[in-house]
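Peer 1: Those protein sequences? They're chains D and E, same order as listed. The first sequence begins at 1 in our numbering and counts up one residue at a time. The second sequence begins at 511 in our numbering and counts up one residue at a time.
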Amino acid sequence: MTAPVTVYVPCDSAALSVGADLVAAELEAAGRPIRVVRNGSRGMLWLEPLVEVVTDRGRIGYGPVEPERVGDLVAAGLLDGADHELCQGVVDQLPWLADQTRICFARVGITDPLSPEDYLAHGGMAGLRRALARSGGDVVAEVTESGLRGRGGAGFPAGIKWKTVADTPGPDKFVCCNADEGDSGTFADRMLMEGDPFTLVEGMTIAGYAVGAQEGYIYIRSEYPDAVRTMRKAIEIARAQGWLGGDVLGSGVRFDLHVRVGAGAYICGEETAMLESLEGKRGMVRAKPPIPAITGLFGKPTVVNNVLTLASVPAILADGAPAYQALGVERSRGTQVFQLAGNIARGGVFETAFGLSLRDLVERYGGATRTGRPIRAVQVGGPLGAYVPESGLDLPLEYEAFASAGAMLGHGGIVVFDDTVDMAAMARFAMEFCAEESCGKCTPCRVGAVRGVEVIDRIVAGEDPDGNLALLGDLCELMTDGSLCAMGGLTPMPVRSALLHFPDDFTARH
Amino acid sequence: MVRIAGAARWEVVVVGGPNTSMTDRVRALVAAHRGDRGALLPILHRIQAEFGYVDQEVVPVLAAELNLSRADVHGVITFYTDFRSEPAGRVVVKLCRAEACQSVGAEQLVAHAEQALGIKLGQTTPDGSVTLEQVFCLGNCALGPAAQIDERVVGRLSPSRLDALLAAEARMA
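#1: Check A315 of chain D in the structure and name its three-state DSSP category.
#2: On a CA-only basis, which of D:L361, D:L499, D:E276, D:M487 is nearest Y498 of chain E? Give me that one, please.
#3: Cα separation between I514 of chain E and D546 of chain E?
#4: Kindly list, in the order they appear in chain E, the residues whose Cβ is closer than 7 Å to that of A341 of chain D.
#5: Measure how close the beta-carbons of Y399 of chain D and R331 of chain D come, nearest whole angstrom, since I'm counting them as under 8 Å.
#6: Please go through the stretch 132 to 183 of chain D and give each complete beta strand (DSSP E) segment of 3 or more residues, from N-terminal end onward.
#7: With a Cβ-Cβ cutoff of 9 Å, do V9 of chain D and V51 of chain D count as a contact?
#8: Give me the Cβ distance between A345 of chain D and G413 of chain D, rounded to the nearest whole Å; I'm assuming they're in contact under 8 Å.
#9: Between the beta-carbon of Y387 of chain D and the beta-carbon of A486 of chain D, is there less than 9 Å?
#10: Determine the DSSP secondary structure at I220 of chain D, reduced to helix, strand or coil.
#11: Please compile the residues from chain E whose C-beta is within a distance smaller than 9 Å of the C-beta of P67 of chain D.
#12: Let me know the secondary structure DSSP gives I34 of chain D once reduced to three states.
#13: Report the rounded CA-to-CA distance for V138 of chain D versus G159 of chain D, giving the unit in angstroms.
#14: Please list, in chain order, all residues of the same chain as R239 of chain D whose beta carbon is under 6 Å from its beta carbon, the five residues on each side excluded.
#15: From D:L94, D:V54, D:P95, pick the residue whose C-alpha is nearest to that of L78 of chain D; which is it?
#16: Provide the residue span of the alpha helix (DSSP H) that contains H411 of chain D, from first to last.
#17: I'd like to check one pair, E26 of chain D with P67 of chain D: are the Cβ atoms closer than 9 Å?
#18: Apart from the five residues just before and just after F402 of chain D, which ones in its own chain have a Cβ nearer than 6 Å to its Cβ?
#19: If you measure from the beta carbon of F561 of chain E to each beta carbon in chain D, is any gap under 9 Å?
#20: Hey, out of D:V143, D:V285, D:P494, whose CA is closest to P383 of chain D's CA?
#21: On the premise that F354 of chain D lies in contact with G328 of chain D, defined as a C-beta separation below 8 Å, what is that separation, rounded to the nearest angstrom?
#22: Give the residues of chain D in contact with G545 of chain E, contact being defined as C-beta atoms less than 9 Å apart.
#23: So within the stretch 15 to 64 of chain D, which uninterrupted beta strand (DSSP E) runs reach at least 3 residues, ignoring any that extend past its ends?
#24: Does DSSP put R331 of chain D in a helix, a strand or coil?
#25: For D183 of chain D, which residues in chain A fall below 8 Å Cβ to Cβ?
#26: By the three-class DSSP mapping on this structure, what secondary structure does Q214 of chain D have?
#27: In the DSSP assignment, the alpha helix (DSSP H) including N468 of chain D goes from what residue to what residue?
#28: Is there a Cβ of chain D sitting closer than 9 Å to that of S639 of chain E, yes or no?
#29: Give the secondary structure of H122 of chain D by DSSP, where H, G and I count as helix, E and B as strand, and everything else as coil.
#30: Is the CB-CB distance between D180 of chain D and M274 of chain D below 9 Å?
#31: With the cut-off set at 9 Å, would you say G515 of chain D and S357 of chain D are in Cβ contact?
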């Protein structure tokens, strides 16, 4: 009797959304003794549910596997890695994966997300151990030297933020992880929390040690119930392992984590609104200064970083700043986790050093549109990001190149639209979304968004187009300059880019 | 949580309230979070998980227990989309209307669902079986159009697949 075959079926919620649980159940009922491991997703979402079978040649992938086809696949020799039309070959060797540089996502899809043994076997805790052997100041210096910038969208150097918190005196400090990933087209935070939660635990613990904080909060949006469950379990396991608590890895350092769940407010992804929400209040944006690094959660010095920023930290500490700094271009160092989404043939997570062109990513790796129609526009950086026309796809993926083209990289979300898209409707939606999700604190955002919808409606209806276009231009300028935060300040970005590149969509009907 | 002396006078408001069982239960939930900082949101999530909605009656109870004004509590409950003021239908269907799902037909799916169920977004069918809502992003942007049926995310939706899922829910009910 041979040992049971090990089969991987992802537990990532994208895989679950297309039937991964049913696939796992069908495989277990197929008759042969097997060991099913629920891994995170490899990030090749068009292949989900992607079933991997361990063979002498490596992990052989099959996908997309519909639950109804499991019986046939097993009969055709899936458990022996046999050839089949759904067989993708050795997963690690697929160009889509092999061409990536995975630092944040190094373990996602490979390991069982909640197995501490898997975590340690794949290099986990090396960064924290190295950090604890040095002074907090040295750890901050290492992060600064790596060139790591905030991955939540603003791109602020992480080390400088940490240094501010470290240098601000006070007995109570906090580390807050912003996991309120509300931007359409982004899902990397969710996939990391569901696929490798211990990395975030480790990154936050390093941050806590570096700045002298003993407590951390992870603020996860309520739209991500699976991520909430996985993170909570991971924290319990980490406490039991001695990775969190009163004596982290036997070093005498104290650090603990709590998960807090949002309640359906996009604005809580803005860092000061998130702090208000963590304090149990309405998610109203705070005026800055004071900055959260000095006056943050409950008025205490607070590190606020995105999931991917914190998840990059363990590797930086484990392998040293120079290794991270060696990746990327210009002032965009290291890797960015891009997310290919929307109308795309091969969507998913693609982690690579900065500098690849948007066209390469969308066409070569993403395979262009899912519908097979020509690409018309690509929105980069979430609902507040610019629409880039097809002719602009040669832009290199780095912070400054995007900024100088009037766009932004944001959280790395890339949403593709085919030639059926109505760009005036998308511009109107940007304003509608802002009106819906504005916290209401400042007038340019609260009232401006409502007026924006009305003005676009008048333009599209052919009512004094020239006058109303001028008015829309004025309104965009006012919102950009006069809003308290990025919600009102950046809503004009998709609107203006749509107007600039697709003016006919607004007025040609008349 | 440190209570200031003045809080006591607010407590008078809730003593002997019309729904003592709910009041007691809410007090117990608050007690379970006594050690947590800024615990109003976690408490509201637990109230909604238990009762299915956040009744107006809990406002003065929470205000008294947490030493907040009633306006503060009301303000928080009404700020967040998740907290309902009345119970939802037996199944809650949230259709994603964010950009990535729009690029693959989310608006058509919304129109189809509204027509099939005979209700608009934000409404519940007259028989109380389905509540239809919009949501902005479920983090399933490469497999859209996406929706959340109760807590379960579903992807690669088409009008016919949505119909089939709704029919399956109806059979289970």
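The beta carbon of each residue, even a glycine, is placed where N, CA and C say it ideally should be. This structure is a prediction, so every number in the text was calculated from the model and none was measured.
Peer 2: Put simply:
#1: DSSP places A315 of chain D in helix when its eight states are reduced to three.
#2: The first residue shown for chain E is 511 and the last is 683, placing residue 498 of chain E beyond what the model contains.
#3: Caution is warranted here: a pLDDT of 38 is assigned to I514 of chain E, below 50, making its placement in the model unreliable, and the coordinate value is therefore given only provisionally. I514 of chain E and D546 of chain E have their alpha carbons spaced roughly 18 Å apart.
#4: The contact set of A341 of chain D on chain E, defined by CB atoms closer than 7 Å, consists of A610, C651, A652 in chain order.
#5: Yes, Y399 of chain D and R331 of chain D are in contact; Cβ-Cβ is about 7 Å, under 8 Å.
#6: For the stretch 132 to 183 of chain D, the continuous beta strand (DSSP E) assignments of 3+ residues that do not extend past its boundaries occur at 174 to 179, in sequence order.
#7: A contact, by the Cβ cut-off of 9 Å.
#8: Contact between A345 of chain D and G413 of chain D is ruled out by a C-beta separation of about 17 Å, above the 8 Å threshold.
#9: In this structure, A486 of chain D does not lie closer than 9 Å to Y387 of chain D by Cβ.
#10: If DSSP states are grouped into helix, strand and coil, I220 of chain D belongs with the strands.
#11: What P67 of chain D touches in chain E: nothing, since even the nearest Cβ is about 13 Å away.
#12: Reduced to three states, the DSSP call for I34 of chain D is strand.
#13: What sits at residue 138 of chain D in the sequence shown is Asp, not Val. Rounded to the nearest angstrom, the two C-alpha atoms are 11 Å apart.
#14: So the qualifying residues of the chain are G245.
#15: With respect to the C-alpha of L78 of chain D, the residue from D:L94, D:V54, D:P95 having the closest C-alpha is D:V54.
#16: Annotation: H411 of chain D is outside any alpha helix (DSSP H) and is labelled neither H nor E by DSSP.
#17: Yes; because the gap between Cβ atoms is below 9 Å, this pair is in contact.
#18: Hits under 6 Å: M408, L409.
#19: Not closer than 9 Å to any Cβ of chain D, the Cβ of F561 of chain E fails to qualify, so no.
#20: It is D:P494 whose Cα lies nearest to the Cα of P383 of chain D.
#21: That belief holds up - the Cβ atoms of G328 of chain D and F354 of chain D are roughly 4 Å apart, short of 8 Å.
#22: Listed by position along chain D, the residues whose Cβ is nearer than 9 Å to that of G545 of chain E form an empty set, because the closest Cβ is around 11 Å away.
#23: Whole beta strand (DSSP E) segments, 3+ residues: 34 to 37, 51 to 55, 58 to 62.
#24: Note: R331 of chain D maps to coil in three-state DSSP.
#25: You won't find chain A in this structure, because its protein chains are D and E.
#26: In this structure, DSSP gives Q214 of chain D a state outside helix and strand, which the three-state scheme calls coil.
#27: N468 of chain D: member of the alpha helix (DSSP H) spanning 465 to 482, first to last residue.
#28: In terms of beta-carbon proximity, S639 of chain E stays away from the interface with chain D, with every pair separated by 9 Å or more.
#29: Reduced to three states, the DSSP call for H122 of chain D is coil.
#30: Result yes, Cβ atoms of D180 of chain D and M274 of chain D sit closer than 9 Å.
#31: With chain D covering 1 to 510 only, the question about residue 515 of chain D has no answer from this structure.
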